[in-house]
Every structure is written in structure tokens, then in C-alpha cells.
């Protein structure tokens with residue numbers, strides 16, 4: 001029955017994923033009406049990514065085992081409106097057969113960011129031009145976890161072979177279409193310097209669009225749908241033009257000197273000429289007229305709501321299309337200083353036939369336009385304020401082309417929206433950017449001011465907010481179901497837990513825990529027998545956000561990357577898509593998806609930008625809320641991550657993000673706040689990095705003062721996998737074992753310890769020692785335990801039958817006897833990194849414990865996994881973290897085997913590890 005549920009869930013998801021992929025494609029250029037392709041066109045396809053099409057990035061955000069994936073060539077072939085030069089396709093197919101895709105050995109984040117292109121001769125291109133009138137040139141890039149991009153060829157820039165390909169195709173074709181099959185934005189300045197550059201008449205970003213990406217691209221190129229994606233990033237001419245460039249990539253500390261001036265907020269305020277393609281840009285196959293037909297101001301003070309009715313008309317004569325409505329605000333500079341433009345609201349029309357109109361209503365709460373005063377310059381320190389003056393609004397097709405409309409609000413005096421307290425202030429002295437005088441060209445001169453420093457005592461703050469300690473009562477017969485059904489309080493239930501049980505429940509197990517769905521990222525909750533006997537089930541977390549990652553080899557759907565989904569500017573579509581992802585999670589017995597990722601695109605080289613949405617916090621927060629609500633409708637949850645300021649992969653576990661409270665609150669924390677308040681998020685993952693000296697997993701102000709105190713969050717907070725923590729007050733030295741600081745900060749759950757070691761403290765953390773030393777209270781542990789149980793009571797696992805984990809699974813032998821079978825009396829020598837099948841012989845029936853010896857030549861954050869099947873049935877996974885090439889013992893499970901022979905198949909689901917030996921030890 002479960003298999004059928006999975007099949008139905010995947011079938012339902014496919015068309016919506018394809019639709020979302022199509023709506024997120026961004027058309028940057030389309031001169032001479034090159035697109036869409038007509039029935040009279042024949043196109044020649046250049047670039048290996050027509051076949052080796054990227055569908056996602058690498059690492060945990062992209063490693064989904066898909067049932068299929070449609071590449072660009074397959075999608076175009078399947079579209080009846082496209083005619084392809086198949087002779088050129090055959091040339092590429094032959095070349096790729098001899099020059100296969102380089103996956104870097106298949107290990108964790110080992111895949112190179114680009115693939116070498118086929119060198120083109122004049123004859124190949126000239127022959128193609130004689131058989132077709134248009135060319136499509138594919139440029140491909142991936143990116144991912146644990147490695148940033150680089151400002152060099154093969155990463156942010158084109159390789160020599162790619163540029164030569166573009167130049168040669170330009171020389172022989174008058175209409176060249178560039179398709180950017182990429183995970184992150186790239187340098188596009190070559191469009192202005194390439195040979196015969198005028199031949200490039202169309203450019204689009206197809207991104208990495210999941211397993212339906214090829215179909216979606218064909219839908220757009222053929223004109224089956226008109227492109228309606230719009231950029232959620234600014235594409236500048238030079239990397240050095242981005243304001244964060246001087247403070248990106250340090251292995252020690254990055255000072256966020258740009259402060260709130262990230263992306264278009266910077267360019268529109270200080271440096272418009274640096275922009276090649278502005279935030280919000282994107283073309284359609286038709287034209288539109290926009291008119292603000294109504295502007296209403298309702299309510300008063302901080303409860304004021306501004307409502308804009310925008311009539312959009314398709315003024316073309318041929319193509320039906322959707323259009324994005326973008327509304328920007330210009331706030332008074334006041335004493336704080338403001339960006340020249342800020343996205344205030346957006347919406348998307350239905351599909352409009354030629355001449356048809358639709359009205360999009362955008363409501364803007366005045367309070368959302370407030371700025372945070374972190375130095376008291378307005379007289380209201382640590383408060384969100386609206387400074388006096390005129391708030392003017394702009395409507396248009398991008399931040400650059402938005403024009404002033406007759407809708408403004410005048411505030412006669414300062415309005416305090418929310419009075420807060422100092423939290424997470426900087427501890428380093430540095431200066432931040434601020435507008436000075438305005439020039440004749442309408443741009444502001446740059447000025448700098450010192451970043452306000454911390455003044456509060458964290459020790460006093462923590463002491464004043466210590467939770468209640470409930471006397472440990474021992475088992476009173478109360479089970480978690482009694483709490484859920486109102487027969488007992490959560491406090492009465494938690495009081496039953498011993499110190500050892502409390503220390504156990506704050507530890508998650510994984511990767512590939514056998515206690516939950518095979519191959520998923522973690523198991524948490526009832527991970528020990530004693531916790532399970534109290535009625536606490538074991539919940540499953542699976543990597544996302546582009547689909548369910550199962551390192552057991554089980555298949556799941558893969559949806560487009562986060563950046564593409566944001567480029568749809570379509571919140572209902574994102575909601576629908578993730579509701580269907582949630583249904584697939586339900587079918588796979590998974591409780592929470594580790595996503596969406598909602599960090600800010602602070603810098604284009606961040607290797608993990610593809611998982612995230614945008615350079616804009618409002619856009620990011622709206623999309624995050626839509627996806628988390630969609631998952632919630634399906635009965636599961638999304639774990640929003642990485643909380644917070646995880647803006648680079650270089651030294652991601654060490655590099656300090658040093659910034660002002662204003663930058664934190666207005667830019668880097670704002671999407672999380674919106675996901676909590678608007679998206680009803682109930683699970684959050686902290687980031688690896690320290691923020692102003694305190695690692696996120698033990699940052700008290702982050703996890704308690706702001707998240708729970710100010711935002712009213714009552715869900716769980718988990719660490720990223722194998723995170724480090726340091727002292728909540730003194731900061732200083734950090735360690736994976738300092739879980740007492742994690743619990744004090746109210747990061748509830750450490751992810752992860754080895755399977756079956758949560759109860760025995762296999763990692764050797766200091767939780768119990770800290771209680772015994774008096775540096776952690778029982779009440780603090782009880783508080784985290786209550787947070788965890790509160791989440792579990794609302795998770796799908798609580799509604800399923802409470803089923804105890806059975807560690808020993810029986811398997812039957814083959815019917816036929818194999819004379820050459822290998823005896824298991826000695827370890828079986830394998831020494832392989834490739835899939836392998838062996839036949840073993842069991843002489844005596846009984847229980848056999850499986851184990852392996854493996855090595856993996858990567859660092860400890862890298863992950864690899866192989867699964868073992870017995871006679872075609874999945875039996876267990878052998879997950880391995882990077883061992884720096886050293887041989888390690890990998891513990892498996894115990895299986896019950898009858899006498900006879902068994903076919904053992906090893907499948908390297910996530911390649912990279914070298915499996916040296918496999919052992920079956922009779923118990």
C-alpha cells in the first residue's frame with residue numbers, strides 16, 4: 001500500500017513541478033523576436049548540457065535519487081513545435097560517449113562545477129548552419145555544499161572552450177539563443193565582448209529545474225508557454241561591483257560592511273551603472289500595460305494597511321502570458337538612511353489572452369516598511385520605526401523600470417512600530433555603509449559610520465530568564481499520547497524523564513538511521529527503548545529542499561532549485577508544489593524536510609545560493625512562508641535553514657559573520673521571522689557559523705531572545721549536522737561536544753550522533769557533566785525536551801501506530817544452491833568503490849551482525865553511503881563521513897539468516913567511499 005501511495009504522490013507532483021520550472025525560466029534578451037521558435041525554424045544545439053543537463057546542485061540540497069530526469073534534448077525532441085538538427089546531435093552524442101560526464105568520482109560535493117566542452121571546428125558549425133536557421137548554445141554550471149564558486153574560468157566565468165564555442169557559433173548564425181543551465185548567476189559581461197556579439201539575439205536562464213527541466217525548457221522555447229520568470233538577483237557587470245565582495249570568503253571573519261545595502265538596495269542607491277540586468281528583470285513574448293486603478297489607506301498608526309489594485313492588460317496580439325506585478329517603496333532618508341528602492345509587494349496575474357486584463361491586489365502593512373534603529377539616532381534605540389516624511393511607491397517590470405505612481409503616504413512624525421531590546425549586537429569594531437548627500441545624478445554619496453557594539457550582559461539576561469525545573473518524578477504511567485489527548489500536561493509527562501533520558505532526547509541519530517525511513521538524514525525523539533516505552537515515537541528528517549534525499553537508493557521526485565522557484569514570483573504555485581512534496585513525504589513516512597533554505601544571496605559566489613531564493617529578504621520570506629504552509633497542509637513540516645547568516649561555504653564552520661543588529665534584523669533574520677509568523681514554521685536548523693563571536697547553535701540571543709522571545713516561536717531548533725558550539729556568554733573555544741551551551745541557548749536537538757549511540761553518549765558530549773557541575777540545569781533540559789515532544793505530537797509519526805524498532809530482520813536464502821558461494825567465516829575482501837554483487841554461504845542458521853571496513857578520502861563533513869541488499873531486498877545502509885583516507889570500522893545491523901546461499905548486492909548510492917571488507921559475524 002505504501003508503494004502505491006508513493007507512486008500516486010510522485011505522479012501528482014510531476015505536472016506541477018514542470019509548471020513551476022517553466023514559470024521560473026527568465027528571458028533576459030529577445031531581439032528580433034527570435035523566440036519563441038516557429039514551425040519554420042530548425043535549430044542546431046551546441047554544448048554538452050543539451051544532454052548532460054544539470055537538474056540541481058550538489059551536496060545535501062541536491063542529492064536526490066530520481067526515477068528519471070528529462071534532459072534538454074529529450075524535452076525538445078518531445079515537443080512537436082521544435083525541429084532539431086539531428087545530425088549535429090549525433091556528433092555530440094558520439095563525442096560524449098568518448099568523453100563522459102565527469103562526476104569527480106561521485107563523492108560528496110566532488111563533482112566539478114563545469115564540464116569540458118566539445119571543441120568545434122569551422123566545418124561542424126558551418127554544416128550545422130546550412131541545415132538550420134537558429135542555434136541554441138548551452139552553458140552549464142553546478143555548485144554546492146562545502147565549496148564556493150570562484151571568480152575564474154569554469155566557475156563564475158566562461159572557459160576558453162565555452163567562449164570559443166559562442167564565438168564560432170556567432171560567426172555562422174544570425175540568431176543565437178544562449179541557455180544558461182546554471183545553479184547560480186554567472187558573469188554575463190561576455191555578451192558585450194564576444195565576437196559577432198550581435199548574433200546573440202536571445203538569452204535566458206533555465207537554471208537547474210529538477211527532473212522535469214527538459215520539458216519545461218521546451219515549453220518556453222516552443223512558445224507553449226510564455227516566459228514569466230523574473231530575476232530575484234541583480235546581475236552586475238563585474239564581481240567587484242557587489243558591495244560584499246571585499247568582505248567575502250575569509251576563513252576567519254567576514255565584516256558585513258555593506259550593512260543593509262545588499263543587492264539592488266546597494267545598486268539603486270549608490271551605483272546604477274554597474275548593473276547589467278536589474279533585480280526583477282525578465283521578458284515575455286508579449287507586452288503589458290500596468291495601471292494602479294485604486295489606492296486605499298485603511299486603519300491607523302502601526303495598524304495601517306495600504307492596498308493597491310493594479311490592472312494588468314496583455315497589449316500584445318498573439319501570445320497569452322502571465323505577468324508579474326512589482327511594487328517598490330522609497331522611504332524618507334531620515335536619520336537612519338534608507339535604500340532608494342525596497343520591494344514592498346508583488347503578485348502575478350493569471351494567464352492573459354491577447355487583450356485580456358486581470359487585476360492584482362497588493363496589500364502592504366505599513367509596519368513592514370519600518371527600519372531598525374540600533375544606535376538610538378531616532379531617539380528610539382533597538383526599535384523598528386517609521387521615520388517622518390513621504391513614503392512613495394513605484395510600479396513596474398523591474399526595480400530599475402518601476403515608475404512613480406500616484407500613491408503615497410505622508411507621516412508627520414516618527415512612528416514606533418515595535419520596541420525591542422538589544423540582541424546580537426556586534427563585538428568587533430568596524431564601519432558600515434550609509435547614504436550621505438544626494439548627487440545630481442540621483443545617486444547617493446557613500447558614507448560610513450561605526451557599527452554599534454554590544455552593551456548588555458548575556459550572563460544577566462540568561463540568569464533572569466531561567467526556566468522552571470520540575471522535580472524528576474520517575475515513571476508515573478503517563479504516555480505522550482495522554483498529553484496529546486489532554487489527559488495530562490506536558491510538564492507532568494516530562495517530569496518523568498531521568499537525567500539520562502533528558503540527555504538522550506536532545507540527541508538525534510543518523511545518517512541513515514535504521515529506526516526510520518531508510519537512507520534519511522536523521523531520527524529523533526524516541527531513539528532509545530526507555531524513551532519509546534514512554535510513548536515517544538521516532539521522527540524522521542530527510543534532506544531537502546529540492547526533494548527527498550534517501551541514501552538507501554530509494555527514489556523520490558526532484559523539484560527545481562530554490563532560486564528558480566523564487567523567480568516564478570508565484571506564491572500560490574510554490575504552496576501547491578510543496579503541498580505535493582509533503583504528500584510524497586507522508587507516503588515515505590518522513591516527518592520533516594530539511595528545507596527550505598532561506599539565506600540571503602549576499603554574494604554571487606556562495607556555492608549554496610541555488611538552495612536559497614534571493615538577494616531580497618521580503619521575497620525570500622514570502623516564498624519560504626508559501627512553501628512551509630504547503631508542507632503543513634500536507635501534514636508535515638519544513639525545517640527552515642540555515643539560521644542565520646550562512647552566506648558562504650568557505651570555512652563555513654569557522655568564519656565569523658560580523659554585522660550590525662540592523663543588518664541582522666532587516667536583511668538576514670527577516671526571512672526567518674516571516675517564515676515563523678506567516679508560514680507557521682515549527683522546525684528550524686541553525687547554521688554552522690558563528691555570528692558576532694557566538695556559534696549559531698549556542699547563540700542565546702538568536703535562539704531564545706529573538707526567536708522565542710520576540711517572535712513567539714514554540715517549535716524545535718536543531719543544529720546542522722555535526723555542528724560546533726561555544727560558551728553562550730564568554731564565546732571563546734568551540735567544540736562539537738559542548739552541547740550544554742546548545743541546550744542553554746535553546747537549540748534543542750543535536751544533529752547527529754552515530755546510530756544507536758544517543759543513549760550511550762557515543763560522541764562524548766558534556767550535557768550530563770554540565771548538570772552535575774551546576775553549569776546547566778535540569779529545567780533547561782526539560783525545556784528542550786518539551787519543545788521536542790511538542791513538535792512530535794503534531795508530526796505525522798504521532799498519528800501512525802506506535803511501532804517499536806525491531807533491529808533484527810529475517811531473510812530467506814536462495815532456492816538454488818551456489819557451489820562457488822563465499823563463506824562468511826572470514827571478512828569478505830571487496831576493495832571497491834563501484835557496485836558489486838557477491839554470493840555468500842551461510843553454514844549455520846542464526847543471527848549475524850554485519851559490519852564493514854571503509855575509507856573515504858574527504859573531510860569529516862563529507863558524506864557517502866552504500867546500501868546492501870540480500871536476495872534483492874534492502875537490508876541496511878553503510879553511511880560514512882570523510883575519514884581523510886583512513887580505514888574505519890562501519891557498524892551495520894544484525895540480520896537473521898537461514899542456512900543457504902544469499903546474493904549480496906552493494907549499491908554505492910552516494911559514491912566516494914572505498915569499501916574494503918564486509919563481515920557477517922554470528923552472534
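In my numbering, the protein residues as written are 1 to 923.
Think of the CB as a built atom: it goes at the ideal place given N, C-alpha and C, for glycine as much as any other residue.
With a cut-off of 8 Å on Cβ pairs, the region 841-859 is in contact with the region 886-898, counting three or more such pairs. Beta-bridge analysis with DSSP links residue 629 to no other residue.
Residue pairing by DSSP places residue 881 opposite 863 in a beta bridge. Taking the CA atoms as reference points, residue 747 sits about 38 Å from residue 918.
Separation of the CB atoms of residue 639 and residue 685 is rounded to 5 Å, and the pair is thereby assigned contact status at 8 Å. Burial is judged here by how many other beta carbons sit within 10 angstroms of a residue's own beta carbon; residue 40 has fewer than 16 and is exposed. Assigned with DSSP and collapsed to three states, residue 603 falls in coil, not helix or strand.
Runs of alpha helix (DSSP H) with 4 or more residues, each lying fully within the region 142-179, are found at 160-172, listed in chain order. Shown here, residue 483 sits in a helix according to DSSP, grouped into three states. Distance between residue 529 and residue 649, taken at the CA atoms: about 38 Å.
Within the region 740-822, the runs of alpha helix (DSSP H) that reach at least 4 residues and sit entirely inside it are, in chain order, 767-773, 778-794. Residue 428 and residue 63 do not touch by the CB rule: their CB atoms are close to 36 Å apart, not below 8 Å.
Here the C-alpha atom of residue 680 lies approximately 11 Å from the C-alpha atom of residue 712. Secondary structure remark: continuous beta strand (DSSP E) runs of at least 3 residues inside the region 200-239, in chain order: 200-205.
Here the alpha carbon of residue 239 sits roughly 25 Å from the alpha carbon of residue 568. Within the model, the alpha-carbon separation for residue 86 versus residue 44 is close to 8 Å. Contact holds between the region 95-111 and the region 905-915, because three or more Cβ pairs, one in each stretch, are under 8 Å apart. By the CB criterion at 8 Å, residue 646 and residue 688 fall inside the cutoff. Looking at the DSSP output, residue 919 bridges to 851. Beyond the five residues adjoining it in sequence on each side, residue 315 comes within less than 7 Å, by CB distance, of 287, 288, 289 in the same chain, given in chain order.
Contact check between the region 557-568 and the region 515-522: fewer than three CB pairs, one atom from each, fall below 8 Å, which does not count as touching. When only Cα atoms are considered, residue 259 and residue 662 end up about 7 Å apart. The beta carbon of residue 202 sits closer than 6 Å to those of 29, 30, 34, 35, 177, all from its chain and outside the five residues before and after it, given in chain order. About 6 Å separates the beta carbon of residue 521 from that of residue 594, a gap short enough to meet the 8 Å contact definition. Across the set 790, 363, 53, the C-alpha of 790 shows the shortest separation from the C-alpha of residue 486. Looking at the DSSP output, residue 829 shares a beta bridge with 917.
Here residue 786 is not near residue 749, since their CB atoms are 8 Å or more apart. In the three-state DSSP reduction, residue 623 falls in the helix class (H, G or I).
Restricting attention to beta strand (DSSP E) runs no shorter than 3 residues, the region 230-304 encloses them at 253-255, 275-277, 288-298, ordered along the chain. Taking the Cα positions, residue 763 is about 24 Å away from residue 59.
Residue 803 and residue 720 have their C-alpha atoms some 28 Å from each other.
Secondary structure note for residue 30: its beta strand (DSSP E) is the uninterrupted segment 26-30. Only residues of its own chain outside the window of five on either side were considered, and among them 580 have a CB closer than 6 Å to the CB of residue 12, listed in chain order. Classified as buried, residue 706 has 16 or more neighbouring CB atoms from the shown chains inside 10 Å of its CB. In the same chain as residue 454, and ignoring 5 residues on each side of it, the C-beta atoms closer than 6 Å to its own belong to 425, 427, in chain order. If the five residues before and after residue 175 are omitted, its C-beta is found closer than 6 Å to the C-beta atoms of 34, 134, 201, all from its own chain and listed in chain order.
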